[in-house]
Structures are given as C-alpha cells and as structure tokens.
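Engineer:
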Amino acid sequence: MKTHIILIGFMGTGKTTIGTKLAEKLNIYHVDTDETMEEEMQCTIATYFQEFGEGSFRQKETEVLNQVLNLTEPTVITTGGGIVLRPENRTLMQKHGWVVALEAPPAEIVSRLRNDTTRPLLQNGKLEERVELLYQERQPYYQFADITIDSSIYSVDEIVEQLVDLWFNFTQKR
Ligand code: S3P
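Quick note on numbering: numbering that gives the first Met the number 0 labels position 51 of the sequence shown as 50, and the sequence is numbered without any gaps.
1) Considering only C-alpha positions, which residue in the set L121, P104, A103, L64 is nearest to P86?
2) Suppose the cutoff is 7 angstroms on Cβ atoms and the five residues either side in sequence are ignored; what does the same chain contact list for T16 look like?
3) Could you check what DSSP says for E157 in three-state terms: helix, strand or coil?
4) Quick check on the DSSP output: the alpha helix (DSSP H) that includes Y47 runs from which residue to which?
5) Mind the definition here: the region 158-166 touches the region 10-24 only if three or more C-beta pairs lie below 8 angstroms; say whether that holds.
6) What first and last residue would you give for the beta strand (DSSP E) that runs through A100?
7) Using the C-alpha atoms, what's the distance from I148 back to A100?
8) So, under 8 angstroms CB-CB, I76 and T19 are touching, yes? Tell me the CB distance rounded to an integer number of Å.
9) For the putative contact between E102 and G8, defined by C-beta atoms under 8 angstroms, what is the C-beta separation to the nearest angstrom?
10) Does at least one heavy atom of ligand 1 sit under 7 angstroms from the Cβ of P119?
11) Apart from the five residues just before and just after T117, which ones in its own chain have a Cβ nearer than 8 angstroms to its Cβ?
12) Do you know offhand how far Q58's Cα is from S110's?
13) If you draw a straight line from the alpha carbon of P104 to that of V130, how long is it in whole angstroms?
14) Can you tell me whether I152 is buried or exposed? The criterion is at least 16 other CB atoms within 10 Å of its CB, across all chains shown.
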C-alpha cells in the first residue's frame, strides 16, 4: 500500500524544503532519512562518511528507510540523493509510497550548492565536474518515481500546491 509521500532527487533539488512545507500543508508528519540517521549515529553525515565510509552509510540508510516506511501514519518522507542507488531501496519506496522525483538542471544544482560543506560527495575536486558526473550516473535511478517535477521552474509554494492536488487525486483513486 502506497501509504506515504516520498520525495527523491539529486542533492540540492529541494526535497527537504518542499517536504517540510508539504507536510505542514497536509498536516501530516515529516521524516527526513538523513536527519534520522544523524540522530541515530549521533554525528553528522560528513563525519560518518569520514570515519566509516560510504558503504557503511548506505547500509545504515537502508535500515533507516525500512524503519520509516513501516510507520503506519501517512508521512512525508524526504530522502538523501543517493538512496535510489540500491535496487532494494527503490523497490521498497515504490511499494510503500507515492514517489515524487524532484529534478533541476546541473547548473542550477551547482549554483545552489556552491557554498555547501555538508555533503561529503561534493567536497573533493571541481564542483561542476562532481555534480555533472554524479548527475549522469544517477539520472536513470530516479526514473521509477510516480511523478517528476522540475524544481527550477516553479517556486516552492507552487510545487507544494501542485503536490497537494496530485496527492489528493491519488488518494481518491487508491
Ligand atoms: C547524498 C545526499 C545527501 C546525503 C549524503 C549522500 C548522495 O542528502 O544523504 O551526503 O549520495 O547524494 P541530500 O540529497 O539531502 O543532500
């Protein structure tokens, strides 16, 4: 049963900002997988990456995703950009949620993340090149979403409004 609304998308596409407002508008819970992980790990994602590496991070991410998807109340779930890499995560999200992919052109992502220091995968090398490479690699993995919205052509409020309407239609047909 697609109980939850799940936001996926590349880093910097607005998942957390939009998810927070969407949950407020719908008056339902919001859980962010990265925040949940930081609470459980008791350290930042950057520190965790540094100490235990990406493989361990991905394992933890799948565990947290499972926990969150098992919530019984409909919840807006916002995720980390790399959660789509594991096939089992994609299958789980498709099964338990109405999946919304947010996208934005790489140049827009670069400008949004220019001064970011929290995302370990973007800290080494030239930002433009890192984003372009990861973007190309990951593009196919966001395609399983039920809908895709370009966050660079609408305001946050417009996207939230669209999602409220689409979610309402979706729940009517469910
Ligand atoms: C990651 C995205 C981050 C965070 C971690 C890894 C990724 O989340 O989970 O730094 O692999 O794309 P955001 O998409 O919220 O930045």
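Quick reminder that beta carbons are idealized off the backbone N, C-alpha and C, glycines included.
On a predicted model such as this, the values are computed, not experimentally measured, just so you know.
Structural biologist: Considering the structure as presented:
1) Measuring from the Cα of P86, the nearest candidate turns out to be L64.
2) V155
3) helix
4) 44-68
5) Output reads yes: the region 10-24 touches the region 158-166.
6) 96-102
7) 6 angstroms
8) I76 to T19, Cβ: 12 angstroms. No contact.
9) Under the criterion of beta carbons closer than 8 angstroms, E102 and G8 qualify as touching, at roughly 6 angstroms.
10) yes
11) T43, I44, A45
12) 30 angstroms
13) Each residue's alpha carbon lies about 10 angstroms from the other.
14) exposed
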